[in-house]
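Chains as they are written, first to last, in our numbering: chain A, 3 to 345; chain B, 190 to 798.
The C-beta atom is built at its ideal place from N, Cα and C for all residues, glycine as well.
Shown next, in C-alpha cells, is the structure this report addresses.
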Amino acid sequence: MGRRHGRARRAAEAPAVALLALALSGCSVERPGSVLAPAGPAARMELDLLGLSLVVVGAISAAVLLVLLYIVVRFRARPGDASEGADNPGVTWLEVAWTAVPAGLLVLLAVPSLTDTFYLAKPVAGGMRVTVVGHQYWWEYRYDDLGLVTANELHVPAARPLDLRVTSADVMHEFWVPRLGGKVDAAPGRRNFLYLQSDGPGVFAGECTQLCGASHAHMLTTVYADTPSAFEAWRAELTKPFSPPPPGSAAARGMQIFAAKCASCHAIRGTAFKGATGPDLTALMLRKTIGAGTLELNRENLVRWVTDASVFKPGVLMPSGKGKLALTDAQIRDVVAFLETLR
Amino acid sequence: MRTAQAFWRWLRPWLTTVDHKRIGILYLVSAAFFFAVGGVEAFLIRLQLMHPGSRLIVGDTYNGVVTLHGFNMILFAIMPLFLGFVNYVVPLQIGARDLAFPFLNALSFWLFLAGAVVFNWSIVAGQYPNDGWFAYAPLTLPAYTPGLGPDFYALGGQISGVGTLITGVNFVVTILNGRAPGMTLRRMPLFTWAALITSTMIVFAFPPLAADLFLLTFDRFLDANFFNVSLGGNVLIWQHLFWIFGHPEVYILILPAFGIVSEVVATFSRKSLFGYDSMVLALAAIAFLSFVVWSHHMFTAGMGPVVNGVFSVTTMMIAIPTGIKIFNWLATMWGGRIRFTTAMLYAVGFIPIFVLGGVTGVMVAMAPADYQYNMTYFVVAHFHYTMVGGSLFALLSAYHYWFPKIWGRMLDERLGKLSFWLVFTGFNVTFFPQHFLGLFGMPRRVYTYPDDWGLTTLNLVSTAGVFVLTAGFLVLLGNTVAALVRGERAPADPWDARTLEWSLPTPVPEYGFARIPLVTSRDAFWAMKKKASERETGSAPAPEEIHLPPPSALPFLIALGAASASFGLIYGKPWLGAPGAALVAFGLYRGMFGRAPGVVVRPAEEVRA
Ligand SMILES: [Cu+2]
Chain A
3 MGRRHGRARR AAEAPAVALL ALALSGCSVE RPGSVLAPAG PAARMELDLL
53 GLSLVVVGAI SAAVLLVLLY IVVRFRARPG DASEGADNPG VTWLEVAWTA
103 VPAGLLVLLA VPSLTDTFYL AKPVAGGMRV TVVGHQYWWE YRYDDLGLVT
153 ANELHVPAAR PLDLRVTSAD VMHEFWVPRL GGKVDAAPGR RNFLYLQSDG
203 PGVFAGECTQ LCGASHAHML TTVYADTPSA FEAWRAELTK PFSPPPPGSA
253 AARGMQIFAA KCASCHAIRG TAFKGATGPD LTALMLRKTI GAGTLELNRE
303 NLVRWVTDAS VFKPGVLMPS GKGKLALTDA QIRDVVAFLE TLR
Chain B
190 MRTAQAFWRW LRPWLTTVDH KRIGILYLVS AAFFFAVGGV EAFLIRLQLM
240 HPGSRLIVGD TYNGVVTLHG FNMILFAIMP LFLGFVNYVV PLQIGARDLA
290 FPFLNALSFW LFLAGAVVFN WSIVAGQYPN DGWFAYAPLT LPAYTPGLGP
340 DFYALGGQIS GVGTLITGVN FVVTILNGRA PGMTLRRMPL FTWAALITST
390 MIVFAFPPLA ADLFLLTFDR FLDANFFNVS LGGNVLIWQH LFWIFGHPEV
440 YILILPAFGI VSEVVATFSR KSLFGYDSMV LALAAIAFLS FVVWSHHMFT
490 AGMGPVVNGV FSVTTMMIAI PTGIKIFNWL ATMWGGRIRF TTAMLYAVGF
540 IPIFVLGGVT GVMVAMAPAD YQYNMTYFVV AHFHYTMVGG SLFALLSAYH
590 YWFPKIWGRM LDERLGKLSF WLVFTGFNVT FFPQHFLGLF GMPRRVYTYP
640 DDWGLTTLNL VSTAGVFVLT AGFLVLLGNT VAALVRGERA PADPWDARTL
690 EWSLPTPVPE YGFARIPLVT SRDAFWAMKK KASERETGSA PAPEEIHLPP
740 PSALPFLIAL GAASASFGLI YGKPWLGAPG AALVAFGLYR GMFGRAPGVV
790 VRPAEEVRA
C-alpha cells in the first residue's frame, strides 16, 4: 500500500505513532480488538489518518492549553485589586490569523481524508467476494464465488483482498473487524461494500457495533486469515459429501431429532435440512466457538446451549431445548452426538 | 384543611403563571429532576460495566437504561436547563417586561413537562424504550420491539418537541421585537445572541423530528410500513430525518453554553468581550453549518464516497468558527483581572475540555478514520466531552453565576470550589479512558465485554471516576440546600457584572423593570454604573401602572390533555384518550379566542422615584 503515502506524511505522523506506541508499551496486555494494532492495509490507512490528525490537533490543543495556563497564572486578580482590565474590542490581524491557520490545517487533514474515502469505496482487484448477513445475534457468511455458506467464523485466504457485501436479514447491525479495517452498516434492504485485507495469516476478532437488541453484546465474530493450504483444507471439509452416522448409534437417533426439531431453522450441506433462520451447521465442529463467540465449542457447552441458549444470550432467537422444543436430557445428548459428527 | 389551603395557595400561582421568571424556575427545577433521573441511569450503566461479565442489568434492561439516559439527558435535562436560564435571563438582558407570548411560554413549559412525564412513565410501566436514543428503525417496529417502549418514546418526544418548537418561535419574536430602546442587535449581550440563534435553530430542527416521530407512530399504530423493507419501506429515512434534527440539536445544546461562557469570562475578567462581532458571526456560522453536516453520523451507512466526502468537509469547517470562539475567550481573559469564583472556574474549565471534545470532533469528521471510531466508546468519549464537559460545565457556571439573582441567596464559594474540583476530576477520570476503550474495540451500548480484550482496567477506572463525579454533584446539592435555608442574602449586583439583569433589585419584581432602561452601548449596565448620572436622565419615565398578562390555567390543562391523550393511545383506552384530546381542543380554543382582563401592578414608590 505504499502507493499513497508520501515520505513527508510518514514523517509527520511518526511522533504521534511513537506517542501511541509509548502509551501502549507500558501494558503488555493483548488487545485483539485494537485499532492501534492494524494487521492490514485498510486498517493501516485509517490509522495513518488518526496519526496525522493527532499531530495536528495535538499541536493546536497543546498551544491553547499552554496559553490558557499562562493567562490563568499571569492575569489572576491580586487580592484587593479593584482595577479593570483594559478593554480591547479586537485585533484584526490576530483574528484573521486564527481563522486562516486552522483553515489551512484542516485542508491538510481533508486532502488525505478525501483520497482515502474514495480509495476505500471500491473493491480492490482480485478480491474475494463474500456476502455478510447480520442476523439477530449472529453473522452469516455466503461465499458467492465458492458456493459456500457458514456462520460466525469467516475463513479467508491470507493477504487476499476481501470484497464484502454487507446486509441484514432483520434489524440494523454493523460489521467490524478492527485490526483489518473500519466498519460498515448491515441494513435490511441494502448491500454495503466493505474492503478488508490482512497482511498475512492470523486470527482477527470482530463484532457487531450497532445496537440490534438484547444480545447486541454477544454478536462477535472471528476472521481466520488462512495460509493457502489451510484455506484449501477448510474449503474441502465444507464441501465434502455428508456422511450419515451409523444406524442405531446415538448420533443417528440425534439426527432424527434434528430433523424433527432443528431442521426448520438450521441447514446442513448435503442433507435435506434447509432451515435458514439459524446458522448453517455444516462442518460445525471446525468452529472454535458457538453462539457468535459466546461459548467455546465443546460437548458440554453444546449440551448447555441446546438445553437453553438464553442463559448465555438474553433474547436469543434459538428456542430452548428443554422448554419450547420439549427435549429430554437424553434426547439433547443424542442431538449433540449428532452435531459432533458434523465435520 | 388549613395546610391544604395553604398548599393550594402556594401551588396555584405556579400552575397558572405566565411570568417568564417563574417559568424559568419551573424549567430549571423540573430539568434538574430529570437530570437526577438521567444521572442515576448513568450510574447504573457504569456499575454494570465496572467488571466484564457482571449481571446487574443485562440485555434489554441495560439497553433500556442506556436509552432512558440518553433521551432524558439531552431532551429533558440539558436542553430545558438552558431554556430555564434563557427564560429567566434573556428578557431581563434586553430590558423587556416579558416574552412576546407569555401564554405560549407557559404552554411550552407544560408541554415539555408532559412529554417528559409520558416518556418516563415507561419506567413505571416497566416497558421502556430500549433501542437507543436515536432508535434506529427497524428495531423500533413492533416485530422487533413488542411492548410499549417505543410508543412512550415517540409520543413523549412528540409532545415535548411541540413545546420546544413553540418556545423557539417565542424567543425569536421576543428578541427581535421586545428589546428596550437603544438595545440594538449589535448591543445585545452574547447570551441573548446565543438564545436568538439557538431559537432559530429550534424552529428549523424540530419539525424533522416531529415528522420522523410521526412516521414511527404510524408504523407502530397503523402498520404504515415506512420502515418495513419487505414492503418497500426504507430504514435510512429514519436515520436521515433523525440526524437532520439530531445534529442541530447537539448544537442547540452547545450554543447557549457559548453564550454563558462569554458572559462569565467577560464579567470575571473585568473586561468587555474581545471580538464581539466575530463571536456573533461565529455563532451564526456554527448554526448554519450544523444543518449541513448531519450525515457524518452515517458515514458507515454506505452512502458512497461523494456524500461522505462532502459531509466530512462541512463537518471539519465547523472547527473554524469554534476555534474563533475559543481564541476570543482567551483574548478576553488576556490582560484582565481574573477573579476565580466558582462560576468562573466552570467557565475556564469548560475551555480545555471543550477543546478536547472539539478536536476529537475533527478526528471523527475524517470519514475513513471514522469507519474505525463510529459506534465505539471513542465517540462516547467525544460527545461526553462536548455535552458534559461543554454544555453541562457551562450550565454549572450559569447556575453559580445567576443563582443570587434567581434565588436571592449566595452559594458558598468554598463548597462551590470543592464541588468544581470534584466534578472536573471525576469527569476526566470517567471519560478520558473511554477514548482508549473505543480504540481498543469496545462498541457503544454493550452491556458486557469480553474479559480478554484488554478493556478491563480502563472500564474500572472509568467507573471509579463516576464516584468522584457523583460526590461533586452531592456537594453541589448540599451547597444549594444550605444556601436556600440559611445562605447570605444576595445583593443586586454581587459580581460587579455588565448586563442589564444585574441592574434590577433582588428578588426581581414581578414586572421586571419599573422603568424600561434606555440603552446606549454594549455592556449596558456596566456603562450605566460608570456614568451613574446617565441612569437618571437615560431611562424612560416610570409608569404609574404596569399591565401584566393574566395568569391562566389553560396551558397546564392543555398539556394535561395531551398527556392523557397519549396514554389513551398507548394503552388503547379511548376513555382516557378522548377526554384528553377534547381538553386539548378546548384549551387551544379558549386560549386563542377567550378574553381575560390583564393584571395591573403599581410599582413601589421607591423604584419609581
Ligand atoms: Cu448486531
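For this session: Show which residues of chain A have a CB atom less than 8 Å away from the CB atom of I509/B.
Result: By Cβ distance, chain A contributes T101, P104, A105 and L108.
Problem set entry | Member of P248/A, A102/A, V151/A and L166/A whose CA lies at the smallest distance from the CA of G128/A | Nearest to G128/A by C-alpha distance, out of P248/A, A102/A, V151/A and L166/A, is L166/A.
For this session: Could you tell me whether any Cβ in chain A is nearer than 8 Å to the Cβ of A476/B?
Result: No - not a single Cβ of chain A is within 8 Å of the one on A476/B.
Exercise. Which first and last residues belong to the beta strand (DSSP E) in which S170/A is found?
Worked result: Taken as a continuous stretch (DSSP letters only), the beta strand (DSSP E) holding S170/A covers L164 to S170.
Problem set entry | Simplified DSSP assignment, three categories, for E733/B | In the structure shown, E733/B sits in coil (DSSP, three-state: anything other than H, G, I, E or B).
Exercise. Helix, strand or coil: how does DSSP classify F702/B here?
Worked result: In the structure shown, F702/B falls within a coil segment according to DSSP collapsed to helix, strand and coil.
Exercise. Is the shortest distance between the beta-carbon of N300/A and the beta-carbons of chain B less than 8 Å?
Worked result: Between N300/A and chain B, the shortest Cβ-Cβ separation is not below 8 Å.
Exercise. If you drop the 5 nearest sequence neighbours on each side, which residues of the same chain put their C-beta closer than 7 Å to that of A285/A?
Worked result: Closer than 7 Å at Cβ, skipping near neighbours: E239, L240, L344 and R345.
Exercise. Expressed to the nearest angstrom, what Euclidean distance is found between the alpha-carbon atoms of M47/A and L107/A?
Worked result: Distance between the alpha carbons of M47/A and L107/A is about 19 Å.
For this session: Along the alpha helix (DSSP H) that carries G228/B, what are the first and last residues, could you check?
Result: Segment H209 to L238, the alpha helix (DSSP H) holding G228/B.
Exercise. Can you tell me whether G295/A is buried or exposed, with buried defined as 16 or more other CB within 10 angstroms of its CB?
Worked result: Buried, because 16 or more other Cβ atoms sit within 10 Å of the Cβ of G295/A.
Exercise. For F629/B, which residues in chain A fall below 8 Å Cβ to Cβ?
Worked result: In chain order, R33, G35, S36, V37 and L38 make up the part of chain A whose C-beta sits under 8 Å from the C-beta of F629/B.
Exercise. How long is the line joining the alpha carbons of G82/A and R528/B, rounded to whole angstroms?
Worked result: Taking the straight line from one Cα to the other gives about 11 Å.
Problem set entry | Identity of the residue in L628/B, Y342/B, S710/B and H573/B nearest I283/B by Cα | The residue with the shortest Cα to Cα distance from I283/B is S710/B.
Problem set entry | G787/B burial status per 10 Å Cβ neighbour count (16 or more: buried) | Looking at its Cβ environment, which holds fewer than 16 other Cβ atoms inside 10 Å, G787/B is exposed.
For this session: Report buried or exposed for D336/A, applying the criterion of at least 16 other Cβ atoms within 10 angstroms of its Cβ.
Result: That one is buried.
Problem set entry | CA-to-CA distance, G323/A to V424/B, given in whole angstroms | In a straight line, the C-alpha of V424/B is about 34 Å away from that of G323/A.
Exercise. Whose CA, out of V318/A, D331/A, V186/A and P190/A, lies closest to the CA of G256/A?
Worked result: Nearest option by C-alpha distance: D331/A.
Problem set entry | Presumed contact (8 Å Cβ cut-off) between A437/B and A399/B, rounded CB distance | Reading the sequence as shown, one finds Pro at residue 437/B and not Ala. A Cβ-Cβ distance of about 14 Å is found for the pair P437/B and A399/B, leaving them out of contact under the 8 Å criterion.
For this session: Below 7 Å between beta carbons is the criterion; list the residues of the stretch 122-153 of chain A that meet it against any residue of chain B, in chain order.
Result: Listed by position along the chain: L122 and A123.
Problem set entry | Beta-carbon proximity list for A671/B, same chain, < 8 Å, skipping 5 on both sides | Excluding sequence neighbours, A671/B sits near D601 and L604.
Problem set entry | Residue nearest to K210/B in terms of C-alpha spacing, selected from L707/B, P696/B and V255/B | Taking each of L707/B, P696/B and V255/B in turn and checking the Cα distance to K210/B, the smallest one comes out for P696/B.
For this session: Run through the stretch 770-796 of chain B for me and flag every whole alpha helix (DSSP H) of 4 or more residues, listed as ranges in chain order.
Result: Counting only runs of 4 or more, we get nothing.
Exercise. Using a C-beta cutoff of 8 Å, does H218/A count as contacting chain B?
Worked result: Closer than 8 Å: yes.
For this session: Pick out whichever of R791/B, D408/B, A771/B and L585/B has its Cα sitting closest to the Cα of N668/B.
Result: Of the listed residues, the one whose Cα sits closest to N668/B is L585/B.
Exercise. Candidates P557/B, P541/B and G597/B: which alpha carbon is nearest F621/B's?
Worked result: Considering only P557/B, P541/B and G597/B, the residue with the shortest C-alpha distance to F621/B is P541/B.
Exercise. DSSP three-state call for E86/A: helix, strand or coil?
Worked result: E86/A: coil per DSSP, three-state reduction.
For this session: Report all residues from its chain with a CB closer than 7 Å to the CB of V318/A; omit the five preceding and five following residues, and keep chain order.
Result: Cβ neighbours of V318/A beyond the five flanking positions: Y139, S217, A311 and S312.
Exercise. What's the call for V551/B, buried or exposed, on a 16-neighbour Cβ count within 10 Å?
Worked result: Buried, because 16 or more other Cβ atoms sit within 10 Å of the Cβ of V551/B.
Exercise. Between N319/B and A716/B, what straight-line distance do the alpha-carbon atoms span, to the nearest angstrom?
Worked result: Each residue's alpha carbon lies about 54 Å from the other.
Problem set entry | Nearest neighbour of A220/B, chosen from L302/B, P738/B and Y277/B [CA to CA] | When each option's Cα is compared against that of A220/B, the closest is L302/B.
For this session: Keeping to the same chain, check which residues put their C-beta closer than 8 Å to that of I829/B; ignore five residues upstream and five downstream.
Result: What is shown of chain B runs 190 to 798, which leaves residue 829/B out entirely.
For this session: Look up G28/A in the DSSP assignment and say whether it is helix, strand or coil.
Result: Note on G28/A: pLDDT 46, under 50, position unreliable in the model; the coordinate value appears next. DSSP places G28/A in coil when its eight states are reduced to three.
Exercise. In whole angstroms, what separates the C-alpha of T169/A from that of M555/B?
Worked result: Distance between the alpha carbons of T169/A and M555/B is about 24 Å.
For this session: Determine the extent of the alpha helix (DSSP H) in which H268/A is found, giving its start and end residues.
Result: First-last for H268/A: undefined, no H or E at that position.
Exercise. DSSP state of I527/B, grouped into three classes?
Worked result: Per DSSP, reduced to three states, the secondary structure at I527/B is strand.
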